[in-house]
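Worksheet: the structure to be examined is printed underneath.
In this note's numbering, the protein residues as written are 2 to 63.
Here you go:
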């Protein structure tokens, strides 16, 4: 119940709960050789995504 200057009123608040966590993926380029090694410089790209209607991804920490 909400009371403002002697006036009574009812205020309902609602919010959605996002129970599905976002996902993060790291990819490397170039891919490693058949033995699982790289002998050149490697670029690592980190991406994150959230489900449709989710609260989103603000930052990625690594």
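Note that CB positions come from ideal geometry on N, CA and C, so glycine has one too.
In the structure shown, residue 47 falls within a strand segment according to DSSP collapsed to helix, strand and coil. In the DSSP assignment, residue 26 falls within the beta strand (DSSP E) that extends over 24-30. When the five nearest sequence neighbours on each side are left out, the beta carbons in the same chain lying within less than 7 Å of the beta carbon of residue 52 are those of 21, in order along the chain.
When rounded, the separation of the alpha-carbon atoms in residue 45 and residue 14 is 43 Å. Taking residue 33 as the centre and dropping the five residues before and after it, the same chain places the C-beta of 39 closer than 7 Å to its C-beta, in chain order.
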